[in-house]
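Worksheet: one structure, shown below.
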Amino acid sequence: MSQGPLVVVGDSLLDVDLEGDSHRLSPDAPVPVVDCSRERPRPGGAGLAAMLAARNQQEVVLLTALCDDDAGTWVRRLLDGHVEVLTLPADGATPRKIRVRSDDQSIVRLDMGGGRAREAPLGERIRAVLRGAGTILVSDYGRGVADHPELRRAVQDSRAPVLWDPHRKGALPVHGARLVTPNEREAAALAGEPDGPDGLTAAARRAHHLVRGWRAAGVSVTLGELGALLSVGEDTPFLAPANRIPDARRVDSCGAGDCFAATAAAALRQGGLLREAVGTAVDAATQFVADGGPASLHRHVAHRDPGHRDGYAAGRVDSSGWGMVDAVRASGGTVVATGGCFDLLHAGHVGLLQRARSLGDCLVVCLNSDASVRRLKGPGRPIVPAADRARVLQALEPVDAVTVFDQDTPVHLLRRLRPDLWVKGGDYAGSDLPEAEVVGRLGGQVVLLPYLSGRSTSRLVSAAREIG
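Residues 965 to 1432 (this note's numbering) make up the sequence shown, in order.
Shown next as structure tokens:
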């Protein structure tokens, strides 16, 4: 049986970037005049967390509150096709955050709309989704969703691990959350030290205090360029350092916290330990910022890299490659995909990936999750967890993107990916591929490639056990 969806619960906003050039001051005030040439809307708040989670998860449900106005309609449209959206009623106007930007710098931010979730019965569909959730991510932006009494009870009663991303003006986390992820200032305010000092020592003390107060399994304080500090209530915390961003003066960190929370929630859904979840989330958030932060959500053309064959840089658009796939398809290129467990990578795997990449303009690897591998291969597998298998595959030159699926077959994923070519090794027969029908129906072609004989993960596992 597949895991339940990653359910994101919280307040959604409409974020808009107005971008342009500024070369003069206004004649009536000492302020820059920005000639805006681009307007870039995107979901904000819980909507952004859900969209980021959907880049790595195949099933994401967003439970949020949206007003019946133009901004609410925009949020729905932006999320359509990425996540399933279930809404609570809301009063007022959908919150909007508008940034005016020039030369990759924000000049001013305008906050508008005071809409809040209205207390109303949840409805059976929402209750059923919460009961069947694989993981629940509460993305609280202080607009009332996390304060909803019935919703809080449903989250508290759920058997799924709960990750709570708090807000200084929002609700306190439910007791027993698996992980709570305040930033440094939020941790200080929630610990009763709003004007207290910053730094690792202070963060460790506050995290330790909050773990006990909330009876949480762990509290991770995000520390910007330092990474994140995790406390599980013991004396010595765990620090996940962030990789250095080359030109840190020009980074846009907007949305990095949502990326951190979404990635950590996805890791918990896969059964990851708290340290693994926090470490993976730090890496993802750092890469998100290095890729341009929220601007990476608007890219329509893949980054070009002269050192990479055909110019498409591996994994540069986003962590699961959806932006890259769209860019390749829009330019008339060929999208190639393959799938498998890739547990204990060997020469047969590498040869298959090299041949598959040579057939098109990008290669996406659909990777079985740990739960999927166990169902297919037995309780002793996988040997290597999904996060590590994905990281090794992504480091290979032929691979442009890796995305993980939980089902026994990648049919659900292929309906979204729509590859031109679906490639498998020659040890399969056409009748062995349940994906063949859906690929053909979507206009793609299934091809079998030569496979190096005598190479298999099962042989490696057996040989290792004999040696042991």
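All C-beta atoms, glycine included, are put in the ideal place defined by N, C-alpha and C.
Item, Value
"From Ala1010 to Leu1413, what does the alpha carbon distance come to, in whole angstroms?", "43 Å"
"With H, G and I counted as helix, E and B as strand and the rest as coil, what does DSSP make of Gln1318?", "helix"
"For Gln1358, does the three-state DSSP call read helix, strand or coil?", "helix"
"Does DSSP classify Asp1274 as helix, strand or coil?", "Residue placement at Asp1274 cannot be trusted, given a pLDDT of 33 that sits under 50; what the coordinates show is reported in the next sentence. Helix at Asp1274."
"In angstroms with no decimal places, state the Cα-to-Cα distance between Ser1336 and Gln967.", "9 Å"
"Use the C-beta contact count for Pro1137: other C-beta atoms within 10 angstroms, 16 or more gives buried, fewer gives exposed.", "buried"
"Measuring CA to CA, which of Lys1388, Ala1350, Arg1170, Val1356 is closest to Arg1321?", "Lys1388"
"So, are the CB atoms of Asp1325 and Gly1297 less than 8 Å apart?", "yes"
"If you draw a straight line from the C-alpha of Gly1045 to the C-alpha of Val1024, how long is it?", "11 Å"
"Should Ala993 go down as buried or exposed, given a rule of 16 or more other Cβ atoms within 10 Å for buried?", "exposed"
"Straight-line CA distance for Pro999 to Leu1074?", "According to the sequence provided, residue 999 is Asp. The question's Pro does not apply to it. Roughly 17 Å separates the two Cα atoms."
"Can you check which of these residues, Leu1043, Ile1209, Ile1062, is closest to Arg1002 by C-alpha distance?", "Ile1062"
"To the nearest angstrom, how far is the alpha carbon of Ala1181 from that of Phe1252?", "27 Å"
"Where does Cys1330 sit, in a helix, a strand or coil, going by DSSP?", "strand"
"What is the DSSP secondary structure of Leu970, counted as helix, strand or coil?", "strand"
"Are there 16 or more other CB atoms within 10 angstroms of the CB of Ser976, so buried, or fewer, so exposed?", "buried"
"Looking at C-alpha atoms only, which residue of Val1375, Ile1090, Asp1216, Asp1384 is the closest neighbour of Ala1294?", "Asp1384"
"Identify whether Phe960 lies in helix, strand or coil by the three-state DSSP scheme.", "Residue 960 lies beyond the residue range present for the chain, which begins at 965 and ends at 1432; the question has no answer from this structure."
"If you follow the alpha helix (DSSP H) that Ile1090 is part of, which residue opens it and which one closes it?", "1088-1095"
"Could you give the distance in angstroms between the alpha-carbon of Cys1305 and the alpha-carbon of Asn1332?", "5 Å"
"Kindly indicate which three-state DSSP category Ala1220 falls into: helix, strand or coil?", "helix"
"Please name the residue, chosen from Asp981, Asp1111, Val1102, Val1300, that lies closest to Asp1224 on a Cα-to-Cα basis.", "As written in the sequence, residue 1224 is Phe, which differs from the Asp given in the question. Nearest of Asp981, Asp1111, Val1102, Val1300 to Phe1224, Cα basis: Val1102."
"Tell me the rounded alpha-carbon separation between Leu1174 and Val1300.", "47 Å"
"Taking the continuous beta strand (DSSP E) assigned at His1440, which residues delimit it?", "An answer regarding residue 1440 cannot be provided, because it is not within the stretch 965 to 1432 covered by the chain."
"Is Ser1184 buried or exposed, if buried means 16 or more other CB atoms sit within 10 Å of its CB?", "buried"
"As a quick exercise: from Arg1169, Arg1319, Asp985, Leu1406, pick the residue whose alpha carbon is nearest that of Pro1436.", "The requested residue 1436 does not occur in the structure, where the chain is confined to residues 965 to 1432."
"Identify every residue that forms a DSSP beta bridge with Met1076.", "Arg1060"
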